[in-house]
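Number of protein chains: 2
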Amino acid sequence: MRKNRRTCDVPDATVLRLPLYLEKLKLLQAIGVEDVSSRQLAESLDIKASQLRHDFHYFGGFSRPGRPYHVQKLVGALEQIIGIAEPVPTAIIGAGHLGQAIANYQNLEIQGFPIKGIFDANPKLVGVEIRGQPVRDMDELEEVVLKEKVKIAILTVPAAQAQLVADRLVKAGIVGIFNFAPMDLKAPPTVAVRNERMAVGIMSLSFKVKCILQNMDLEEDI
Amino acid sequence: MRKNRRTCDVPDATVLRLPLYLEKLKLLQAIGVEDVSSRQLAESLDIKASQLRHDFHYFGGFSRPGRPYHVQKLVGALEQIIGIAEPVPTAIIGAGHLGQAIANYQNLEIQGFPIKGIFDANPKLVGVEIRGQPVRDMDELEEVVLKEKVKIAILTVPAAQAQLVADRLVKAGIVGIFNFAPMDLKAPPTVAVRNERMAVGIMSLSFKVKCILQNMDLEEDI
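Chains as they are written, first to last, in our numbering: chain S, 1 to 222; chain W, 223 to 444.
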């Protein structure tokens, strides 16, 4: 069991690449590809093969040197590592535009995160059906989390309510919060929080846009 | 001008931290803090001071050794680097739930990305007002991009339409695409693309959830 504990001590950058590897491998699997080299897989993701091998090394490497990866086995191994070998019951808290957009996103279930409840405090939204599921009143939150063994909550409530709702989720036994509210949540170390920040995404894009525009100016100057 | 070109050759991980530094610094600025040490700023973001100094080193370092950073100057410098010292005209393509959620997110304008147009192909959505702006027909796309000097497009159309719309945006002169469609876009190297993948976020969270649950099991075993 010590090995399991060790495979959790992995850099964030590596963790963020695992889903990208899995996605590409599933595409290969879907078209019947049985083996793939680290170079082929890395190139399809626009990264270096050494980077990919370094990432996989945290989990034992998955292959003997000089041999390609077995696609199906690697898919299974990555699903185990990511924790989606079994479906992870998930709930959406906040059924505004963003919550509804996410609830309508059917890939979520395919990727291992079936939605077991959608909640909102707004009586006008309670009862509205999204892909066959009614939006539930926030009063039902703890009961549904317990009954459906919900592990991950997707938090799409306004910033002003986010911490209060997060506290309720933590008490109810949620282990992961995917936070779309534009503020940092406080949670105990036994709960994983991922803050999804629109600002981070668009500003990192802006940095590249600025660089492209600067280079265009430079070329005009030459 | 050579220096500008060099400041663009920066690792992605560093680029992704720039908005987080800026956000914290603006909070400090708002409460009247004038100086901050690398250690204080790094700790508030849960990273190492050496990491922060390494990131800043790509842009000249911003400070003399042993001296704190001047908050206001650093905010200005980061805004220049990120490319938001001047507002970046932005458009939203796709006014479904996700597009509407983003259009309603007023921080976007505050952070330097005023929305200069919202577009959809669905006649039922065209004319609907979102924060004072009508959803426009896709036919107006090129005209508005040109007139409003739109640099960044936020793409919230279904995957099946995403590449076609991206091609139109590239032709119209867009320099950055923030892609929320769950597929990889092809674009020329003169256009920056950032793919925002729900799957990456929730799977990296799932990895941490799995690790927490495993550790709990281990502790029970002991």
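By construction, the Cβ of each residue, glycine as well, lies at the ideal position given by its N, Cα and C atoms. Quick caveat, the model's predicted, so the values are computed rather than measured.
- Only residues of its own chain outside the window of five on either side were considered, and among them GLN333, GLY334 and PHE335 have a CB closer than 8 Å to the CB of ILE306/W, listed in chain order.
- Per DSSP, the unbroken alpha helix (DSSP H) holding GLN161/S starts and ends at 159 to 172.
- Looking at the backbone, the Cα of VAL193/S and that of PHE178/S are separated by about 6 Å.
- Residue pairing from DSSP places GLY117/S in a beta bridge opposite ALA91/S.
- For GLN294/W, the secondary structure class from DSSP, reduced to helix, strand or coil, is helix.
- Secondary structure of ARG416/W (DSSP, three-state): strand.
- Here the alpha carbons of LYS124/S and VAL232/W stand approximately 48 Å from one another.
- Taking GLY354/W as reference, the option from ILE340/W, MET360/W, ASP361/W and GLU365/W with the minimal CA-CA separation is ILE340/W.
- The DSSP assignment places complete alpha helix (DSSP H) segments of no fewer than 4 residues inside the region 240 to 274 of chain W at 260 to 266, in order along the chain.
- The three-state reading of DSSP puts GLN214/S in helix, counting H, G and I together.
- With a cutoff of 8 Å on beta-carbon distance, ARG168/S and LEU185/S are scored as not near each other.
- The C-alpha of TYR58/S is placed about 22 Å away from the C-alpha of GLU86/S.
- Proximity of chain S to SER272/W at the Cβ level (cut-off 9 Å) is not reached, the minimal Cβ distance being about 15 Å.
- Judged by their CB atoms, GLY176/S and LEU249/W are not nearer to each other than the 8 Å cut-off.
- Interface annotation, HIS276/W: not in contact with chain S, CB-CB separation never under 8 Å.
- Nearest CB-CB separation between ARG286/W and chain S: not below the 8 Å threshold.
- Taking the CA atoms as reference points, ALA403/W sits about 11 Å from ALA388/W.
- If the five residues before and after VAL348/W are omitted, its C-beta is found closer than 7 Å to the C-beta atoms of ASP342, VAL357, ARG358 and ASP359, all from its own chain and listed in chain order.
- Listed along the chain, the chain S residues whose CB falls inside 7 Å of the CB of ARG358/W amount to none; the nearest CB is some 18 Å away.
- In its own chain, leaving out the 5 sequence neighbours on each side, no residue places its CB closer than 8 Å to the CB of LEU218/S.
- When C-beta distances to chain S are compared with 9 Å, the residues of the region 420 to 440 of chain W below that value are MET420, ALA421, VAL422, GLY423, ILE424, MET425, SER426, LEU427, SER428, PHE429, LYS430, VAL431, LYS432, CYS433, ILE434, LEU435, GLN436, ASN437, MET438, ASP439 and LEU440, in chain order.
- Residues of the region 328 to 351 of chain W whose Cβ lies closer than 9 Å to any Cβ of chain S, in chain order: ASN329, LEU330, GLN333, GLY334 and PHE335.
- The alpha carbon of ASN437/W has as its nearest neighbour, out of LEU78/S, LYS147/S and VAL191/S, the alpha carbon of VAL191/S.
- The alpha-carbon of ALA382/W is positioned some 37 Å away from that of ILE434/W.
- In the three-state scheme derived from DSSP, where H, G and I count as helix and E and B as strand, ILE332/W is classed as helix.
- The three-state secondary structure of ILE84/S, taken from DSSP, is coil.
- Looking at the backbone, the Cα of ILE396/W and that of SER63/S are separated by about 43 Å.
- For GLY176/S, the enclosing beta strand (DSSP E) covers residues 176 to 179.
- Shown here for LYS373/W: same chain residues with a beta carbon closer than 8 Å to its own, the five before and five after excluded, namely VAL310, PRO311, THR312, ILE396, VAL397 and GLY398 in chain order.
- Assignment of beta-bridge partners to ILE152/S by DSSP yields THR90/S and GLY176/S.
- Listed in chain order, the non-local C-beta contacts of VAL379/W below 7 Å within the same chain comprise ILE315, GLY316, VAL387 and ALA403, local neighbours out to five positions each way being set aside.
- Using beta-carbon distances, PHE178/S counts as an interface residue toward chain W, with a partner under 8 Å.
- Residue-level contact by beta carbon holds for GLY83/S and chain W, with a gap shorter than 8 Å.
- Only exposed fits SER272/W, as fewer than 16 other CB atoms lie within 10 angstroms of its CB.
- For VAL367/W, the enclosing alpha helix (DSSP H) starts and ends at 363 to 369.
- The continuous beta strand (DSSP E) containing ARG136/S extends over residues 133 to 137.
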